[in-house]
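Enquirer: Okay, here's the structure, questions in a sec.
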Amino acid sequence: MRSDDKEFDDLPDEDSDDEESEEIEESEEGDEIDPDAPLRQPIVAVLGHVDHGKTSLLDYVRGTTVVKREAGAITQHIGATEVPYDTVSKICGPLLKDGTTTLPGLLFIDTPGHHSFTTLRSRGGALADLAILVVDITEGFKPQTIESINILKQQQTPFILALNKVDKLPGWRTKTGSFLANNANQSSTAKQTFQNRMYEIIGALGSHGFDSALFSEIEDFQKTIALVPTSVKETGEGVPELFMILMGLAQRYLRGKLLLDYGSSEGTVIEIKEEKGLGKTLGVIIYNGILKSSDTLIIGAQPEPIVTRVRSLLQPKPLDEIRDPRQQFDNVKIVGAAAGLKVVAPNIEGVVAGAPFYSAETDEEIDEALDKLTDSMKSNVKCTDEGVVIRADAIGSLEALAYELSAAGVPIVKASVGDVSRRDVVTADPSEEEYRSILAFNVKIHPDAKNELHETGVTLFESDIVYRLLEDYQEWKEKIKDKQAQHLRDDFAHPGKFEILEGHTFRTRDPAVVGVRVLGGRIALNQGVLRNDNSVVGHIKSLRSGDQVLKEAIQGDEVAVAINNVTVGRQISEGDVLYIEMDERAILKIREAGVKLSPIEEDIITEMQKIKRKDQPFWAR
Numbered sequence: 002m003r004s005d006d007k008e009f010d011d012l013p014d015e016d017s018d019d020e021e022s023e024e025i026e027e028s029e030e031g032d033e034i035d036p037d038a039p040l041r042q043p044i045v046a047v048l049g050h051v052d053h054g055k056t057s058l059l060d061y062v063r064g065t066t067v068v069k070r071e072a073g074a075i076t077q078h079i080g081a082t083e084v085p086y087d088t089v090s091k092i093c094g095p096l097l098k099d100g101t102t103t104l105p106g107l108l109f110i111d112t113p114g115h116h117s118f119t120t121l122r123s124r125g126g127a128l129a130d131l132a133i134l135v136v137d138i139t140e141g142f143k144p145q146t147i148e149s150i151n152i153l154k155q156q157q158t159p160f161i162l163a164l165n166k167v168d169k170l171p172g173w174r175t176k177t178g179s180f181l182a183n184n185a186n187q188s189s190t191a192k193q194t195f196q197n198r199m200y201e202i203i204g205a206l207g208s209h210g211f212d213s214a215l216f217s218e219i220e221d222f223q224k225t226i227a228l229v230p231t232s233v234k235e236t237g238e239g240v241p242e243l244f245m246i247l248m249g250l251a252q253r254y255l256r257g258k259l260l261l262d263y264g265s266s267e268g269t270v271i272e273i274k275e276e277k278g279l280g281k282t283l284g285v286i287i288y289n290g291i292l293k294s295s296d297t298l299i300i301g302a303q304p305e306p307i308v309t310r311v312r313s314l315l316q317p318k319p320l321d322e323i324r325d326p327r328q329q330f331d332n333v334k335i336v337g338a339a340a341g342l343k344v345v346a347p348n349i350e351g352v353v354a355g356a357p358f359y360s361a362e363t364d365e366e367i368d369e370a371l372d373k374l375t376d377s378m379k380s381n382v383k384c385t386d387e388g389v390v391i392r393a394d395a396i397g398s399l400e401a402l403a404y405e406l407s408a409a410g411v412p413i414v415k416a417s418v419g420d421v422s423r424r425d426v427v428t429a430d431p432s433e434e435e436y437r438s439i440l441a442f443n444v445k446i447h448p449d450a451k452n453e454l455h456e457t458g459v460t461l462f463e464s465d466i467v468y469r470l471l472e473d474y475q476e477w478k479e480k481i482k483d484k485q486a487q488h489l490r491d492d493f494a495h496p497g498k499f500e501i502l503e504g505h506t507f508r509t510r511d512p513a514v515v516g517v518r519v520l521g522g523r524i525a526l527n528q529g530v531l532r533n534d535n536s537v538v539g540h541i542k543s544l545r546s547g548d549q550v551l552k553e554a555i556q557g558d559e560v561a562v563a564i565n566n567v568t569v570g571r572q573i574s575e576g577d578v579l580y581i582e583m584d585e586r587a588i589l590k591i592r593e594a595g596v597k598l599s600p601i602e603e604d605i606i607t608e609m610q611k612i613k614r615k616d617q618p619f620w621a622r
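Written as C-alpha cells, this is what we have:
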C-alpha cells in the first residue's frame, strides 16, 4: 500500500485539464448542464449503530462536544450542521487541490441511531444526496448498522463507510492527519490486525450485495463502496481523506442534482420544538430553492396540509448545530438551499417530523404546492388482503418499517401515518392468529384503541427502533406457531423414532412393557407403532420415567413404554428400531401450518416415506 500523494490521483476529481472533463454534462432529464453553473452544497447524512461515532465525527469537525451533552451520550434528535468550503479545505489540506471543486461546502445531517433518517424525505425520494455509514472497526456490523444499510439500499443513497475507532486496534498509534501517511508507520502486527478487521467488514458488506475496498484501492467509485479508516474522537485521523472523497464524489457524480435553484423552496421538517419566547418552532432542511421571511408555507400535516405564514427565519452560524447551538441564531430574511434552520410560524399543530413543505408567494403557487403535498403524503406501501397493521410517525419511517417486514416475508393489511386508532384494532381483530397484531413505530395509542385492544386481545408492539419491533413480532409469532404445533400434536401424530433397549423387557405381553430410547422426534400416548416392513404392530398405552407418568417423550429420553397387542419376541424384539405411525394428512397439515421440524424429524419423515412407498408409491407427495 502506497502512502504518497499519487495515491489520490484516481479519486473523483471533476475539474482537470483533460478534454473529457471539459465536456458538457447532461442532467438526469437529458438537459445539458453548464459546467460553470453554481451548485448548492450537498446534504450528507451520518448513520450507524449507537456509540459508533456519528456525532463524534461532527464534533471533531465543529470543535464541539454535542455528544457529551446528549442523554447517555446518544443522539436524541436529528441535527444539521453547515460546514463551509473554507473549513473543508482546512481539514483536507493538500489533498483537496485548488480548482477541483465548485461546491460551497457540505450540509451534514446527524441522526439518532434508530430510524429517524427514514423520515427525511424529499419529493424525489431520499433527502440526503450522500451518506456516511459509521462502523466501529473493533465491533463490526451491529443491528442498527444492518438497518442503516437496508435504508440506504431502499432509498438508493450513495454512501461511504467510515471505519471508525482505528485507535482502539491493539498497537495502533494514531495521529492527526492522513490515514495513509500514518498507516505506513504502523507495526506489522497493527497493520495485520487492521487488515483482518477490514476484510471482515468487506465480507459483511458483500453479504448485503455491495462491493467495497479501501478508498485508495478503488478504480470506480460508482461501483465500489469506499472504506475510510478514521479516529474521530481522538485525533481526527482519516478525516481529511473522508472529506476529500465526499467532495470529489459530489462534484463528479451529483452535479446535475446539485444545481442551484432560485425558485420557491422545497424542504423537510426534521423537528418540532417548543422554544422559550418563540413558541413552537420548526427545525427544517431546505433542499431546493429559496425561502424568504415574507413567504407563505404549505406544510404536510395530519389530518390535512397546513397553510401558514413565516414569522421569522433563524439560521445557525456555520459550524454550529441547529439542535444545540453554541451561539445565537441569525435572524435572516432569505435562505437558499441547502440549509438547516428554524422557522417560526403560527398554527403548526398537526405537523410531524418528516413532513414536506413548500414556500409560495402567489395563490397559484399555493395551489400547486397543495397538489404536490397530496402526492408527497402518500406512501408506497403495498397492502394485501391479510397481514399485520402498521403505524408510524412519518411516511418515511412507515415505508422503512414496511420494507423490513416485506424482507422478512410478513404481509401488511393496513399501513398509516399517525397514532393507533380503534379502527386499526378492528381491522386487525379478524385476522389469522399470527397476524392479529399492530406494529406501532414512534406513535401514541388513542384511549378508545386501548379499550378495543383489551376487549379483542389484539397484540400491540411499540418501539422507536424498527429492528426491535421486528424482533418482538417475530418472537411472538414463533410462540404462536409453537402453540399451533402443540394443537397439532394433540390432533395428529408427529415424527418419532425409538429403539428398544437390550435387557430392558419388563413384561412380554398384555401389554408388553419395554425400556426404549427416543432416537428422534417425539413419542406420545395412543400413537401407533410402525415397523420398517410397513406394519402397525400396536399402540402406546402408557409412558413412565421412574414413578412419573408422562404424556410424551422427546429425543434423548429413556423411558418405559407399554405397548398393547404385541408380544416381545414375536412382533417386536429388543434392539428393534420402530417408528410412530403417521397419517399422510398429518404430514400435509404440518407443512401447511409452517411448523418447524428439526433436521432429525425431517429425516424420520423421509425414512417413513421410503417405508410407505413400497406399498403406496404416492404416499405423502
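Under my numbering, the sequence shown has 53 at position 52, and the numbering climbs by one with no breaks.
Each residue gets a CB set at the ideal place from its N, CA and C atoms; glycine is no exception.
CB Ile564 to CB Ile541, shorter than 9 angstroms?
Expert: Yes, these two residues count as a Cβ contact at 9 angstroms.
Enquirer: What does DSSP give as the partner residue(s) for Val514 in the beta ladder?
Expert: Arg508, Ala563, per the DSSP bridge assignment.
Enquirer: CA-CA distance, Glu30 and Gly257?
Expert: For Glu30, the predicted structure reports a pLDDT of 46, less than 50, and the residue's modelled location is therefore unreliable. A value from the coordinates is still provided. Going from the Cα of Glu30 to the Cα of Gly257 covers about 9 angstroms.
Enquirer: According to the neighbour-count rule (16 or more other Cβ atoms, all chains shown, within 10 Å of its Cβ), is Gly73 buried or exposed?
Expert: Its pLDDT being 31, under 50, Gly73 is placed unreliably by the model, and nothing is read from it.
Enquirer: Quick one: residues in its chain with C-beta nearer than 7 angstroms to the C-beta of Pro319, no 5 flanking neighbours on either side, listed in chain order?
Expert: Result list for Pro319: Glu83, Pro85, in chain order.
Enquirer: What residue does the alpha helix (DSSP H) around Ala450 start on, and which one ends it?
Expert: Per DSSP, Ala450 belongs to the alpha helix (DSSP H) from 448-457.
Enquirer: What does a CB cutoff of less than 6 angstroms around Ile605 pick up in its chain, not counting 5 residues either side in sequence?
Expert: Excluding sequence neighbours, Ile605 sits near Pro496, Lys498, Gly521, Gly522.
Enquirer: Considering just the uninterrupted stretch of the beta strand (DSSP E) at Asn535, what are its terminal residues?
Expert: Here Asn535 belongs to no beta strand (DSSP E), and DSSP marks it neither H nor E.
Enquirer: Report the partner residues of Phe160 according to the DSSP bridge assignment.
Expert: Phe160 is bridged to Ala132.
Enquirer: DSSP puts Ser313 in a beta bridge; with which residues?
Expert: Answer by DSSP bridge pairing, in chain order: Val345.
Enquirer: Three or more C-beta pairs under 8 angstroms: does that hold for the region 272-282 against the region 159-179?
Expert: Counting Cβ pairs under 8 angstroms, fewer than three are found: no touch.
Enquirer: Evaluate His455 with the Cβ neighbour count: other Cβ atoms within 10 Å of its Cβ, from every protein chain shown; 16 or more gives buried, anything less gives exposed.
Expert: It counts as exposed.
Enquirer: What is the DSSP secondary structure of Asp87, reduced to helix, strand or coil?
Expert: In this structure, Asp87 counts as helix in the three-state DSSP scheme.
Enquirer: For Leu374, which three-state DSSP category applies?
Expert: In the structure shown, Leu374 sits in a helix (DSSP, three-state: H, G or I).
Enquirer: Compute the distance between the beta-carbons of Ile286 and Ala339, then report whether it is under 9 angstroms.
Expert: A contact, by the Cβ cut-off of 9 angstroms.
Enquirer: For Phe462, which beta-bridge partners are listed by DSSP?
Expert: Looking at the DSSP assignment, Phe462 forms a beta bridge with Leu440.
Enquirer: Beta-carbon separation of Tyr359 and Ser295 under 9 angstroms?
Expert: No, the Cβ-Cβ distance between Tyr359 and Ser295 is not below 9 angstroms.
Enquirer: Can you say whether Val444 is buried or exposed, counting buried as having 16 or more other CB atoms within 10 angstroms of its CB?
Expert: Label assigned to Val444: buried.
Enquirer: With H, G and I counted as helix, E and B as strand and the rest as coil, what does DSSP make of Leu598?
Expert: Coil, per DSSP.
Enquirer: Are the CB atoms of Leu342 and Gly290 within a distance shorter than 9 angstroms?
Expert: No, these two residues do not count as a Cβ contact at 9 angstroms.
Enquirer: Select from Asp548, Val569, Asp364 the residue whose C-alpha is nearest the C-alpha of Ile501.
Expert: Of Asp548, Val569, Asp364, the residue nearest in Cα terms is Val569.
Enquirer: Below 9 angstroms between beta carbons: does that hold for Tyr580 and Val515?
Expert: The answer is no: Cβ separation not under 9 angstroms.
Enquirer: So, using beta-carbon positions, are Ala441 and Ile396 closer together than 9 angstroms?
Expert: Going by C-beta atoms, Ala441 is not nearer than 9 angstroms to Ile396.
Enquirer: Okay, do the region 135-142 and the region 193-204 touch, 3+ Cβ pairs below 8 angstroms being the bar?
Expert: Yes: at least three Cβ pairs fall under 8 angstroms.
Enquirer: Once the 5 residues before and after Phe619 are set aside, which same chain residues still bring their CB inside 7 angstroms of it?
Expert: Here the set comprises nothing.
Enquirer: CB Glu369 to CB Ala302, shorter than 9 angstroms?
Expert: Contact: no.
Enquirer: Rounded to the nearest angstrom, how far is the Cβ of Ile150 from that of His209, given a contact under 8 angstroms?
Expert: Between His209 and Ile150 the Cβ distance is about 5 angstroms, and since that is below 8 angstroms, they are a contact.
Enquirer: Measure the alpha-carbon distance for Asn184 versus Pro95 and round it to whole angstroms.
Expert: When rounded, the distance between both Cα atoms is 18 angstroms.
Enquirer: How close, in whole Å, do the beta carbons of Val345 and Arg312 come, if the pair is a contact with beta carbons under 8 angstroms?
Expert: Sure, about 4 angstroms apart at Cβ, within 8 angstroms.
Enquirer: Please list, in chain order, all residues of the same chain as Phe216 whose beta carbon is under 7 angstroms from its beta carbon, the five residues on each side excluded.
Expert: Closer than 7 angstroms at the Cβ level, and outside the excluded window around Phe216, lie Ala227, Leu228, Val229, Glu242, Ile246.
Enquirer: Rounded to whole angstroms, what is the Cα-Cα separation between Tyr404 and Gly207?
Expert: Approximately 20 angstroms between the Cα atoms of the pair.
Enquirer: Pairs of beta-carbons, one from the region 470-480 and one from the region 425-432, closer than 8 angstroms: are there three or more?
Expert: Counting Cβ pairs under 8 angstroms, fewer than three are found: no touch.
Enquirer: Can you give me the C-alpha to C-alpha distance between Lys281 and Ala214, rounded to a whole angstrom?
Expert: The straight-line gap from Cα to Cα measures roughly 46 angstroms.
Enquirer: With a CB to CB cut of under 8 angstroms and the five nearest residues on each side skipped, what residues in its chain are close to Asp616?
Expert: Same-chain partners within the cutoff: Asn535.
Enquirer: According to DSSP, what are the bridge partners of Phe109?
Expert: DSSP output for Phe109 lists Val45, Thr82 as bridge partner(s).
Enquirer: Please report the distance separating the alpha-carbon of Ile79 from that of Arg586.
Expert: Any answer about Ile79 is weak, because its pLDDT of 47 lies below 50 and its placement is not dependable; what the coordinates show is given next. Rounded to the nearest angstrom, the two C-alpha atoms are 56 angstroms apart.
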